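Structure, as structure tokens:
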Amino acid sequence: MASGDSSPLTRWRKRLWPIQAYELKKILPLLFMKFFISFTYGVLTTMKDAQIVTARGSGAEVIPILKGWIVLPVALGTTLLYSKLSNLFKRSTLFYGIIAFFMVFVALYAFVLFPNIENLSPHVTADRLVAWIGAENGHWVAIYRNWIQALFFVMAELWGSVVIFLLFWGFVNHICNFQEAKRSYNLFIVGGDMAQMFTGPLVCYFAGKYMSDQFGLAVQSLACCILCFGVAIMALHWLLTRKILKDERLYQAHAPLDVKTKLSLWDSLKFIARSPALRYIAVMVIAYGLTVSLTEVTWKANLKLAYPDAGAYQSFMARVSSSVGLCSFIITLFFSGYLIRSLGWRFCALLPPTVIGITSLTFLTLFLNPSWLPTTWNMSPLMLIVLFGAFQNVSNKVMKYAFFDATKEMSYIPLDAESKVKGKAAIDVVGSRLGKSGAAWIQIALIQIAGTGSVLSITHFLLPLIACTVVFWILSVRALNKQFITQTVPTT
-3 MASGDSSPLT RWRKRLWPIQ AYELKKILPL LFMKFFISFT YGVLTTMKDA
47 QIVTARGSGA EVIPILKGWI VLPVALGTTL LYSKLSNLFK RSTLFYGIIA
97 FFMVFVALYA FVLFPNIENL SPHVTADRLV AWIGAENGHW VAIYRNWIQA
147 LFFVMAELWG SVVIFLLFWG FVNHICNFQE AKRSYNLFIV GGDMAQMFTG
197 PLVCYFAGKY MSDQFGLAVQ SLACCILCFG VAIMALHWLL TRKILKDERL
247 YQAHAPLDVK TKLSLWDSLK FIARSPALRY IAVMVIAYGL TVSLTEVTWK
297 ANLKLAYPDA GAYQSFMARV SSSVGLCSFI ITLFFSGYLI RSLGWRFCAL
347 LPPTVIGITS LTFLTLFLNP SWLPTTWNMS PLMLIVLFGA FQNVSNKVMK
397 YAFFDATKEM SYIPLDAESK VKGKAAIDVV GSRLGKSGAA WIQIALIQIA
447 GTGSVLSITH FLLPLIACTV VFWILSVRAL NKQFITQTVP TT
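Going by my numbering, the first residue of the sequence shown is number -3, and it counts up by one from there.
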């Protein structure tokens, strides 16, 4: 039997945990930081969708309006504000300030706004507006009527763009080199997957414990969990920057660890325009947001028909989130890191557009042709559509967490320091929002043209749009591989 370093057990250990013992004090805090950040995002996501979609006079049609007309301008403003603040404050100060701002908002929402939501919601004037403009345009009024839930939706979306991509991955890219990235990035994603696994049980527990008229207690309980996560995130960042990264084996100071970053939104956009590599990365990010958002709203519209109650809707979303975490955990831990190291960047970067494209087009086709659904499972066509949409949603998220995020973040590392900061800020915050907001604008325009007020009536227009987007996504991956990645990452 083989022994030592050549034994099968040793080879599998290195595949699953390719970290040296001295690196643990750097990798483990980063892994736990990603865990708490993703846990917070998972809880926020299940709360934001359930509360805005099931609110009075609302539905899935409000999601494109929020993403297209509110979240995108706010994201642009946030990027501009980040640009200004990064010229005034150190990286760590900015990190703590942004996390603290989100925590203050969560506390304000749970303990002040939500308990008084009926008194603060302008239902009377909203009803008058609906009577004036017609029920088919009521989804526009729903944003005004449910402004508290809409505000929460916007802040939850920003957590994903700002905290996960700009703060966490920006920090990780700054303190890790390319070789470390190939060995550790999939582990950080595993940390996020583990958080997704725990999101479902946590949300379902509080949603089941506090039903109907006690739903506010569920919101407050989840908010307390989020506040604890925020404290843990800041504590881990402090431990890393003040203690752990002083070890020269763990951080080679190719750039100062904690300095002000001279960044402007206009300069960031110019960097993307001048750099072919950044342009291709931007197309990948926008294409992902566009493809997923065009499909997801149709699924959520069907989901509301099946689960009109906010608690039931939130519980179903929580179970989907846990499924995402479990599947992504298994694939990321056992396969994605090994595939990236053995088959290369190009192969793994092409998996997300291929899988997401196939599942999205299949889901929309089945929705348009319910007679193709199986009739032997003793389920209604609506429930079959909801379940297949859940499967499609899980597949999309698994591809994102297991392959898309890792390959995208790795593509930044060979860039010069200035391009990393300026290009990444514009792509991750503005580019990701452009994808989702572009999908929202398309859906809003099609709904207005159809004149039905329902997102379900425009599904047949989405099929060619998604197919074209996936083609551009694949072409960008291939071009990025030829342009840049082949110089640093094996592609065989």
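All C-beta atoms, glycine included, are put in the ideal place defined by N, C-alpha and C.
Just so it is clear, the structure is predicted and the values come from calculations on it, not from any experiment.
Run the CB neighbour count on residue i, radius 10 Å, all protein chains shown included, and call it buried at 16 or more, exposed below.
i: arginine 124; result: exposed
i: phenylalanine 98; result: buried
i: arginine 342; result: buried
i: isoleucine 354; result: exposed
i: serine 318; result: buried
i: glutamate 292; result: buried
i: glycine 0; result: Reliability fails at glycine 0, whose pLDDT of 46 lies under 50, so the model's placement of it is uncertain and no value is given.
i: leucine 259; result: For leucine 259, the predicted model reports a pLDDT of 48, less than 50, meaning its position is unreliable and no value from the coordinates is stated.
i: leucine 77; result: exposed
i: valine 227; result: exposed
i: leucine 116; result: exposed
i: threonine 36; result: buried
i: tryptophan 155; result: buried
i: cysteine 464; result: exposed
i: valine 159; result: buried
i: lysine 568; result: The structure shown does not extend to residue 568, since the chain is modelled only from -3 to 488, so the question has no answer here.
i: serine 271; result: buried
i: lysine 499; result: Absent from the model: residue 499. The displayed extent of the chain is -3 to 488, so no value can be given.
i: glycine 166; result: buried
i: leucine 357; result: buried
i: tryptophan 373; result: exposed
i: serine 332; result: buried
Just to check my reading of the structure: residue i and residue j have Cβ atoms closer than 8 Å, yes? What is that Cβ distance to the nearest angstrom?
i: isoleucine 336; j: alanine 402; result: 6 Å
i: phenylalanine 107; j: glutamine 210; result: Wrong, their Cβ atoms sit about 15 Å apart, outside the cutoff.
i: alanine 436; j: glycine 64; result: 3 Å
i: tyrosine 284; j: glycine 73; result: Contact doesn't hold; Cβ gap of about 23 Å is too wide.
i: alanine 152; j: threonine 328; result: About 23 Å; that fails the 8 Å criterion.
i: tyrosine 276; j: alanine 475; result: 5 Å
i: valine 382; j: alanine 56; result: Contact doesn't hold; Cβ gap of about 12 Å is too wide.
i: isoleucine 352; j: methionine 395; result: 6 Å
i: alanine 138; j: glycine 53; result: 5 Å
i: valine 281; j: glycine 188; result: Not really, about 17 Å apart at Cβ, beyond 8 Å.
i: phenylalanine 387; j: leucine 362; result: Actually they are not in contact, since the Cβ atoms of phenylalanine 387 and leucine 362 sit about 11 Å apart, beyond 8 Å.
i: leucine 274; j: glycine 130; result: Their Cβ separation, rounded to whole angstroms, is 45 Å, which puts leucine 274 and glycine 130 out of contact at 8 Å.
i: lysine 492; j: isoleucine 240; result: Because the chain spans -3 through 488 in this model, residue 492 falls outside it and cannot be assessed.
i: isoleucine 113; j: isoleucine 144; result: 5 Å
i: leucine 27; j: phenylalanine 91; result: That pair is no contact at about 17 Å.
i: leucine 458; j: leucine 339; result: With 8 Å as the limit, leucine 458 and leucine 339 do not qualify as a contact, their Cβ atoms being about 32 Å apart.
How is the alpha helix (DSSP H) around residue i delimited, first residue to last?
i: glutamate 153; result: 143 to 154
i: proline 60; result: 58 to 61
i: tyrosine 37; result: 20 to 49
i: glycine 212; result: 211 to 238
i: glycine 166; result: 166 to 171
For residue i versus residue j, is the C-beta distance shorter than 8 Å?
i: proline 370; j: valine 473; result: no
i: phenylalanine 149; j: glycine 212; result: no
i: isoleucine 61; j: tryptophan 128; result: no
i: alanine 219; j: glycine 321; result: no
i: glycine 489; j: alanine 71; result: The requested residue 489 is not part of the displayed model; the chain covers only -3 to 488.
i: valine 199; j: valine 58; result: no
i: tyrosine 309; j: leucine 301; result: no
i: proline 377; j: leucine 236; result: no
i: asparagine 182; j: tyrosine 408; result: no
i: threonine 287; j: isoleucine 462; result: yes
i: valine 102; j: isoleucine 229; result: no
i: serine 180; j: isoleucine 23; result: yes
i: methionine 29; j: leucine 347; result: no
i: alanine 278; j: serine 324; result: no
i: valine 49; j: lysine 393; result: no
i: serine 433; j: valine 67; result: yes
i: leucine 380; j: histidine 456; result: no
i: alanine 51; j: asparagine 142; result: yes
i: alanine 122; j: alanine 306; result: no
i: aspartate 424; j: phenylalanine 161; result: yes
i: valine 466; j: valine 390; result: no
i: alanine 214; j: phenylalanine 225; result: no
Sequence ranges, alpha helix (DSSP H) only - wholly within the stretch 296 to 346, length at least 4: 306 to 327 and 333 to 339
Length-filtered (4 minimum) alpha helix (DSSP H) runs lying within the stretch 67 to 119: 68 to 82, 87 to 104 and 113 to 116
Complete alpha helix (DSSP H) runs within the stretch 388 to 414 (minimum length 4 residues, chain order): 401 to 408
Ranges of the alpha helix (DSSP H) found wholly within the stretch 437 to 480, counting only runs of at least 4: 455 to 479
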